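Q:
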Amino acid sequence: QGFIPSQYNLANMYEDGEGTEIDFKEAFKWYKKAAEQGYGEAQYNLAIMYDNGKGVEINKKEAFKWYKKAAEQGYGEAQYNLAIMYDDGDGIEINKKEALKWYKKAAENELVQAQFNLAIIYDNGEGVEINKKEALKWYKKAAEQGYDEAQYNLAIIYNNGEGAKINKKEAFKWYKKAAENGHEQAQYNLAIMYNNGEGVKINKKEALKWYKKAAENGHEQAQYNLAIMYDDGDGIGDGIEINKQEALKWYKKAAENGYGDAQFNLAIMYDDGDGVEINKQEALKWYKKAAENGLVQAQYNLGLMYDIGDGTEVNKKEALKWYKKSAENGHEQAQYNLAIMYDNGDGVKINKQEALKWYKKAAEQGYGDAQYNLAIMYDNGDGVEINKQEAIKWYQESAKKGVPQAQYDLAVIYYNGDDIEQDIGEAIYWFKKSAEQGFKSSIQVLKSLGC
Numbered sequence: 002q003g004f005i006p007s008q009y010n011l012a013n014m015y016e017d018g019e020g021t022e023i024d025f026k027e028a029f030k031w032y033k034k035a036a037e038q039g040y041g042e043a044q045y046n047l048a049i050m051y052d053n054g055k056g057v058e059i060n061k062k063e064a065f066k067w068y069k070k071a072a073e074q075g076y077g078e079a080q081y082n083l084a085i086m087y088d089d090g091d092g093i094e095i096n097k098k099e100a101l102k103w104y105k106k107a108a109e110n111e112l113v114q115a116q117f118n119l120a121i122i123y124d125n126g127e128g129v130e131i132n133k134k135e136a137l138k139w140y141k142k143a144a145e146q147g148y149d150e151a152q153y154n155l156a157i158i159y160n161n162g163e164g165a166k167i168n169k170k171e172a173f174k175w176y177k178k179a180a181e182n183g184h185e186q187a188q189y190n191l192a193i194m195y196n197n198g199e200g201v202k203i204n205k206k207e208a209l210k211w212y213k214k215a216a217e218n219g220h221e222q223a224q225y226n227l228a229i230m231y232d233d234g235d236g237i238g239d240g241i242e243i244n245k246q247e248a249l250k251w252y253k254k255a256a257e258n259g260y261g262d263a264q265f266n267l268a269i270m271y272d273d274g275d276g277v278e279i280n281k282q283e284a285l286k287w288y289k290k291a292a293e294n295g296l297v298q299a300q301y302n303l304g305l306m307y308d309i310g311d312g313t314e315v316n317k318k319e320a321l322k323w324y325k326k327s328a329e330n331g332h333e334q335a336q337y338n339l340a341i342m343y344d345n346g347d348g349v350k351i352n353k354q355e356a357l358k359w360y361k362k363a364a365e366q367g368y369g370d371a372q373y374n375l376a377i378m379y380d381n382g383d384g385v386e387i388n389k390q391e392a393i394k395w396y397q398e399s400a401k402k403g404v405p406q407a408q409y410d411l412a413v414i415y416y417n418g419d420d421i422e423q424d425i426g427e428a429i430y431w432f433k434k435s436a437e438q439g440f441k442s443s444i445q446v447l448k449s450l451g452c
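When the letters of the sequence shown are read in order and numbered with the working numbering, they come out as residues 2 to 452.
(1) Looking only at its own chain, which residues have a Cβ that is under 7 Å from the Cβ of methionine 453, when we skip the five neighbours before and after it?
(2) Go ahead and pull the three-state DSSP assignment for methionine 239.
(3) Suppose you measure from the CA of alanine 392 to the CA of alanine 412; what does that come to, to the nearest Å?
(4) Using CA atoms only, rank isn't needed, just tell me which of Lys353, Ala407, Ala263, Glu207 is closest to isoleucine 229.
(5) Short of 6 Å in beta carbon distance, which residues of its chain neighbour tyrosine 104, apart from the five on each side in sequence? Order them along the chain.
(6) Determine, using beta carbons only, whether alanine 320 and glycine 304 come nearer to each other than 8 Å.
(7) Would you tell me roughly how many angstroms separate the C-alpha atoms of aspartate 89 and asparagine 352, rounded to the nearest one?
(8) What three-state label does DSSP hand leucine 112 in the structure shown?
(9) Return the first residue and the last residue of the alpha helix (DSSP H) that glutamine 222 is part of.
(10) So, for lysine 214: in the same chain, excluding its five sequence neighbours on each side, which residues have a beta-carbon less than 6 Å away from its beta-carbon?
(11) Can you check which of these residues, Asp370, Gly200, Tyr252, is closest to alanine 223 by C-alpha distance?
(12) Look at aspartate 308 and lysine 281 and say whether their C-beta atoms are less than 8 Å apart.
(13) Where do the N-terminal and C-terminal ends of the alpha helix (DSSP H) with phenylalanine 440 fall, by residue?
(14) Report yes if the CB atom of glutamine 8 is closer than 8 Å to the CB atom of lysine 34, and no otherwise.
(15) So, for glutamate 37: in the same chain, excluding its five sequence neighbours on each side, which residues have a beta-carbon less than 6 Å away from its beta-carbon?
(16) Identify the continuous alpha helix (DSSP H) that holds alanine 180 and give its terminal residues.
(17) Would you say the beta carbon of lysine 102 is closer than 7 Å to some non-hydrogen atom of the ligand COA?
(18) Which term fits glutamine 372, buried or exposed, when burial requires 16 or more other beta carbons within 10 angstroms of its beta carbon?
(19) Would you report the Cα separation of tyrosine 123 and tyrosine 231, rounded to the nearest angstrom?
(20) Out of Gln366, Asn204, Glu247, Tyr260, point me to the one whose CA is closest to glutamate 221's CA.
(21) Could you compute how far the alpha carbon of leucine 155 sits from the alpha carbon of lysine 358?
(22) What residue range does the alpha helix (DSSP H) around alanine 392 cover?
(23) Measuring alpha carbon to alpha carbon, tell me which residue in Val277, Leu101, Asp275, Lys205 is nearest glutamine 80.
(24) Which value, in whole angstroms, describes the spacing of the CA atoms of valine 385 and tryptophan 395?
(25) Tell me whether lysine 350 sits in a helix, a strand or coil according to DSSP, three-state version.
(26) In the DSSP assignment, find the unbroken alpha helix (DSSP H) run with lysine 55 in it and report its ends.
(27) Would you mind reading off the limits of the alpha helix (DSSP H) that contains alanine 35?
(28) What is the DSSP secondary structure of valine 201, reduced to helix, strand or coil?
(29) If you reduce the DSSP assignment to three classes, tell me which class glycine 418 lands in.
(30) With DSSP as the reference, label lysine 166 as helix, strand or coil.
(31) Kindly list the residues whose CB is nearer than 8 Å to the CB of asparagine 125, restricted to its own chain and excluding five residues on each side of it in sequence; keep chain order.
(32) Which complete alpha helix (DSSP H) runs does the stretch 236-289 hold, if anything under 4 residues is left out?
(33) Does the beta-carbon distance from phenylalanine 265 to alanine 216 come in below 8 Å?
(34) Is it true that the CB of tryptophan 139 sits closer than 8 Å to the CB of alanine 180?
(35) Which residue's Cα is closest to the Cα of asparagine 226: Glu145, Asn196, Ile203, Glu437?
(36) Note down the Cα distance separating isoleucine 444 from serine 399, rounded to an integer number of angstroms.
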């Protein structure tokens with residue numbers, strides 16, 4: 002049998018190499034002797050050795066057995082590890098009720114990770130009914146012990162009002178604690194609160210500071226927001242100056258992390274030479290990445306570059322492809338440019354039905370040039386049956402949008418009474434609108450009418 006504490010201490014010395022070389026087999030031997038005599042710490046350490054294969058082959062059943070013995074003696078770490086085994090089905094069948102039981106015992110023994118896991122179980126309803134109050138209680142206990150994930154989750158609860166009344170000040174408090182502990186998402190959320198004045202007065206310098214900390218930890222949205230602040234000088238009144246080089250730097254970091262909006266803004270900077278020399282190839286590269294991430298404006302810009310050969314050779318197939326993606330996502334100018342390609346057979350076979358379809362989509366979004374071209378198609382029966390009323394409708398819409406040719410054509414219709422009641426006053430009104438934009442035909446008509 003032997004003196005138990007001596008057996009345990011001897012095992013520790015072999016495990017840690019204190020006064021002797023490390024020898025896990027000897028450590029295992031002496032932990033086992035002490036464990037078999039009921040010594041809780043030895044039972045726990047023996048379980049660890051079985052669990053991790055130190056001084057013995059991995060044996061999850063033996064690990065479970067010894068964790069349980071130590072757990073039943075009130076040893077918190079053993080209770081926690083036992084709960085993990087039940088929770089994950091590691092060496093035993095999954096049993097969420099038993100996991101809950103042992104997490105709770107470990108949590109009551111102040112094990113912070115157990116408190117957090119118990120909170121998660123109540124929060125998500127894993128093996129137990131969802132109980133937001135219990136979740137709040139255990140998050141708070143873990144948070145008060147400095148556990149950053151618990152601090153963050155507690156802040157989320159107060160911020161969103163799930164399991165507690167919305168309390169922005171408490172949310173701010175716990176985001177700050179988690180942020181100060183290096184929690185990346187908490188740093189970002191704290192910056193948002195300073196930026197928007199939620200639970201604290203607006204403070205752009207503090208927002209910048211916490212965006213920067215999160216950004217330096219690799220948080221892509223923080224990198225993007227930090228770039229925006231430098232790009233726009235958001236917080237100039239608080240001493241934050243526009244700094245295009247910093248904006249470029251942080252857009253690039255976020256872009257390289259796959260953040261679509263940053264890829265687009267980076268492309269814009271290279272395209273326009275904003276804070277950097279114009280570089281159309283870099284612009285094309287980043288528009289493409291943003292476009293592949295589904296950014297509609299990037300898809301349009303990319304289509305345009307291929308269409309006109311800006312930073313690349315003209316490639317009508319690629320132009321058509323990207324205009325179409327952007328158009329399908331509702332971009333009115335892409336819809337119009339796509340219609341033009343189908344209408345004129347530019348990089349694709351002439352297809353009047355497709356042209357009509359895309360002119361109509363852009364027209365319905367209020368795009369004046371598309372409204373005019375749609376009116377022309379209905380007026381002339383180009384790809385569709387002649388429909389003078391539809392033509393007049395779209396001439397009117399386009400004229401209201403300020404398209405001078407549409408204003409002129411609408412004026413002619415009113416003047417001649419073509420498929421509409423003649424109205425000389427209305428005709429002169431639209432001739433004048435068109436003439437004000439320098440449309441020569443309207444100017445000539447008005448001169449001939451003495452107007």
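Backbone N, C-alpha and C fix where the C-beta goes; we use that ideal spot for every residue, glycine too. Predicted model, so just to flag it, every value in this text is computed and none were measured.
A: To lay it out plainly:
(1) Absent from the structure is residue 453, since the part of the chain shown begins at 2 and ends at 452.
(2) Numbered from 1 along the sequence shown, position 238 holds the residue referred to as residue 239. Going by the sequence as given, residue 239 is aspartate instead of methionine. Correct three-state label for aspartate 239: helix.
(3) Counted from its first residue, the sequence shown places residue 392 at position 391. Counted from its first residue, the sequence shown places residue 412 at position 411. When rounded, the distance between both Cα atoms is 13 Å.
(4) Reading the sequence shown from its first residue, position 228 is the one you call residue 229. Looking at the Cα atoms, Ala263 is the closest of the given residues.
(5) Taking the sequence shown and counting its residues from 1, the one referred to as residue 104 is at position 103. The residues Ala84, Ala115, Asn118, Leu119, in chain order, have a CB closer than 6 Å to that of tyrosine 104 in the same chain once the five nearest residues on each side in sequence are set aside.
(6) Within the sequence shown, numbered from 1, the residue matching residue 320 stands at position 319. Within the sequence shown, numbered from 1, the residue matching residue 304 stands at position 303. Yes.
(7) Counting from 1 along the sequence shown, the entry for residue 89 is found at position 88. Counting from 1 along the sequence shown, the entry for residue 352 is found at position 351. So the alpha carbons of these two residues sit roughly 60 Å apart.
(8) Translated into positions along the sequence shown, residue 112 becomes position 111. It is coil, neither helix nor strand.
(9) Within the sequence shown, residue 222 is the residue found at index 221, counting from 1. From DSSP, the alpha helix (DSSP H) with glutamine 222 extends over 221-233.
(10) Sequence index remark: in the sequence shown, residue 214 carries index 213 (1-based). Beyond the five residues adjoining it in sequence on each side, lysine 214 comes within less than 6 Å, by CB distance, of Gln188 in the same chain, given in chain order.
(11) Start at 1 with the first residue of the sequence shown, and residue 223 comes out as number 222. With respect to the C-alpha of alanine 223, the residue from Asp370, Gly200, Tyr252 having the closest C-alpha is Tyr252.
(12) In the sequence shown, residue 308 corresponds to position 307, counting from 1. In the sequence shown, residue 281 corresponds to position 280, counting from 1. 8 Å or more divides the Cβ of aspartate 308 from the Cβ of lysine 281.
(13) For this step, residue 440 is matched to residue 439 along the sequence shown. First-last for phenylalanine 440: undefined, no H or E at that position.
(14) In the sequence shown, the residue the question calls residue 8 occupies position 7. In the sequence shown, the residue the question calls residue 34 occupies position 33. The answer is yes: Cβ separation under 8 Å.
(15) Mapped onto the sequence shown, residue 37 falls at position 36. Correct list: empty, nothing qualifies.
(16) Taking the first residue of the sequence shown as 1, we reach residue 180 at position 179. Note, alanine 180: alpha helix (DSSP H), 169-181.
(17) The model on display carries no ligand, and the ligand COA is accordingly not part of it.
(18) Residue mapping note: residue 372 aligns to position 371 of the sequence shown, counting from 1. Looking at its Cβ environment, which holds 16 or more other Cβ atoms inside 10 Å, glutamine 372 is buried.
(19) Your numbering for residue 123 matches position 122 in the sequence shown. Your numbering for residue 231 matches position 230 in the sequence shown. Using only the alpha carbons, I get a separation of about 42 Å.
(20) Stepping through the sequence shown from its first residue, residue 221 is reached at position 220. Proximity to glutamate 221 across Gln366, Asn204, Glu247, Tyr260 peaks at Tyr260, based on C-alpha coordinates.
(21) Here residue 155 is taken as the residue at index 154 of the sequence shown, counted from 1. Here residue 358 is taken as the residue at index 357 of the sequence shown, counted from 1. Going by the C-alpha atoms only, they are around 52 Å apart.
(22) Indexing the sequence shown from 1 puts residue 392 at position 391. Segment 389-401, the alpha helix (DSSP H) holding alanine 392.
(23) Sequence index remark: in the sequence shown, residue 80 carries index 79 (1-based). The shortest Cα separation from glutamine 80 among Val277, Leu101, Asp275, Lys205 belongs to Leu101.
(24) Numbered from its first residue, the sequence shown carries residue 385 at position 384. Numbered from its first residue, the sequence shown carries residue 395 at position 394. Each residue's alpha carbon lies about 15 Å from the other.
(25) Taking the sequence shown and counting its residues from 1, the one referred to as residue 350 is at position 349. Lysine 350 falls in the coil class under three-state DSSP.
(26) Along the sequence shown, read from residue 1 onward, the residue named residue 55 stands at position 54. No alpha helix (DSSP H) contains lysine 55, which DSSP labels as neither H nor E.
(27) Taking the first residue of the sequence shown as position 1, residue 35 is located at position 34. Per DSSP, alanine 35 belongs to the alpha helix (DSSP H) from 25-37.
(28) What you label residue 201 is simply residue 200 of the sequence shown in a count that begins at 1. Look at valine 201 here: in three-state DSSP terms it is coil, with no helix or strand label.
(29) Here residue 418 refers to the residue found at position 417 of the sequence shown. Per DSSP, reduced to three states, the secondary structure at glycine 418 is coil, with no helix or strand assignment.
(30) One-based indexing of the sequence shown puts residue 166 at position 165. Assignment of lysine 166 by DSSP, reduced to helix, strand and coil, places it in the coil class.
(31) Here residue 125 refers to the residue found at position 124 when the sequence shown is read from its first residue. Hits under 8 Å: Ile131.
(32) Taken in chain order, the unbroken stretches of alpha helix (DSSP H) that lie wholly in the stretch 236-289 and span 4 residues or more are 245-257, 261-273.
(33) What you label residue 265 is simply residue 264 of the sequence shown in a count that begins at 1. What you label residue 216 is simply residue 215 of the sequence shown in a count that begins at 1. In this structure, phenylalanine 265 keeps its C-beta atom at 8 Å or more from the C-beta atom of alanine 216.
(34) As a position in the sequence shown, residue 180 is number 179, starting the count at 1. As a position in the sequence shown, residue 139 is number 138, starting the count at 1. For the pair alanine 180 and tryptophan 139, the CB atoms are not nearer than the 8 Å cut-off.
(35) Against the sequence shown, residue 226 aligns to sequence position 225. Closest by alpha carbon: Asn196.
(36) Walking along the sequence shown from the start, residue 444 turns up at place 443. Walking along the sequence shown from the start, residue 399 turns up at place 398. Looking at the backbone, the Cα of isoleucine 444 and that of serine 399 are separated by about 19 Å.
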